[in-house]
Every structure is written in C-alpha cells, then in structure tokens.
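Numbering (the numbering used here), first residue to last: 39 to 210.
Here's the structure, in structure tokens; my notes come after.
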Amino acid sequence: LEVSEQLAVLYIAKGNQLNEDGEYKNASFCFEQALQLCHKIGRFNYDYEIKHGLMSARNEWYKNLINQIIDELEASNFETAEKLLEEANQLVAGYYYEIIYSPEHVFLRSSINHHFYVELIKTGKILLEAGDYRLAYEKFLTAFDLEAKSNFELSPDLPELFYRAATPVLVD
C-alpha cells in the first residue's frame, strides 16, 4: 500500500515536471497512472492535484496541437496537419468536458479540406481530358462531398466538370 502511494507521488511529481517542460502528452500519461494507482489503493487525498495536473496537461497538449497544425498548414504540409488534427479531434472527443475548445479548430478542418478539394478538382480535370471519365467522376463526386462538409469558397467550375464526367459514366 505504501509503495503504491509512493509510486503515485512520483508519478505526480514527474507529471508536474513534464508539464513545466512542455511535454504535455507524457505529463498526461503520468497523471493518469497516478490516478489509477490512487483509486486502486483507495487514496483520494491527491485527487485535486492529479485532476488539476491532468486538465492542465490535456489543455496545453491540445493548444500545442492546434499551433502545430497552423504551422504545418503555413508550410503546406497538409498530410501532417491532417494527422495532427485527428489527434486533436481524439483528444477533444475523449475529454470534451475539460478541454477548452479552440475557435481555430473548425477553420483548420476547412483549410485542410479546401486543399484536398482543389487537388481533387485538378486531378479530375486531368483525368477528364485523358478520357478517364469514371475516375474523373469519382474525383468530382468526392470534391462535392468535401464541399458539403466544409465552409470555404466553392469552385464555380465543379458542376460543369462533374456533368461532363458523369454523362459518359451514367449513360454506360
């Protein structure tokens, strides 16, 4: 019992240190371990410190992710930005009751979607010109799906391009 309590105290101290060092994901892990140990041995006198540390670690981790996503978008690293956004989404989904939601979060999804939207249309045009109507049709259809999920300026060319690709596919 005493060994477990000492281990929990070490996890708390390590979590606090990691929070100070800006290693929020690892800090979150340490506080989670401390919480599990304390609950297992029935010691709740550290609950406030653990929960405060967890909340701080998770919110800073989330803020850090949002800032990293912004940096990746500015560097045109859309795949990396999307992976980081998924991590941020999972963090918010798992701890929605304690994460302070960033207003930039919605904008970031739209920015990533817009990049892929433009790429889909560009690829669809190339496929259409090459006579690959089925693949062009699929690209344009996916672009329409992204359009529906996002709040960015829509391409005025998409309906016409879609019609040109869809006609041969749907007539077949």
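By construction, the Cβ of each residue, glycine as well, lies at the ideal position given by its N, Cα and C atoms.
All figures in this text were calculated on a predicted structure; none of them were measured in a lab.
| For F145, the three-state DSSP class (helix, strand or coil) | helix
| field | Delimiting residues of the alpha helix (DSSP H) encompassing A51 | value | That run of the alpha helix (DSSP H) goes 40 to 59.
| field | Proximity winner among L196, E120, Y175, S188, relative to D210 (alpha-carbon distances) | value | Y175
| said: Quick check on K177: buried or exposed, where buried means 16 or more other Cβ atoms within 10 Å of its Cβ? | reply: buried
| query | Rounded to the nearest angstrom, how far is the Cβ of W99 from that of Y62, given a contact under 8 Å? | reply | 4 Å
| message | Closest to F51 by C-alpha separation, out of G60, V41, F69, S193, would be which residue? | response | The sequence shown places Ala at residue 51, rather than the Phe named in the question. Considering only alpha carbons, the answer is F69.
| field | Where S193 falls: helix, strand or coil (DSSP) | value | Shown here, S193 sits in coil according to DSSP, grouped into three states, outside any helix or strand.
| query | Exposed or buried, what is L208 when buried is set at 16 or more other beta-carbons lying within 10 Å of its beta-carbon? | reply | exposed
| Do L158 and A181 have their CB atoms nearer than 8 Å? | yes
| said: Does F82 pass the burial test, meaning 16 or more other C-beta atoms within 10 Å, or should it be called exposed? | reply: exposed
| Would you say the region 151 to 168 touches the region 126 to 141, given that touching needs at least three Cβ pairs under 8 Å? | no
| Cα-Cα separation between I79 and I104, rounded to whole angstroms | 37 Å
| query | When the Cα of E124 is compared with those of E112, A168, N151, which residue comes out closest? | reply | For E124, the nearest C-alpha among the options comes from N151.
| request: Assign N189 to one of two classes, buried (16 or more other C-beta atoms within 10 Å of its C-beta) or exposed (fewer than that). | output: exposed
| Considering only C-alpha positions, which residue in the set I107, Y171, Y135 is nearest to E142? | I107
| field | Contact under 8 Å by Cβ, N54 with G91 | value | yes
| With respect to the alpha helix (DSSP H) encompassing N97, which residues constitute its N-terminal and C-terminal limits? | Segment 85 to 112, the alpha helix (DSSP H) holding N97.
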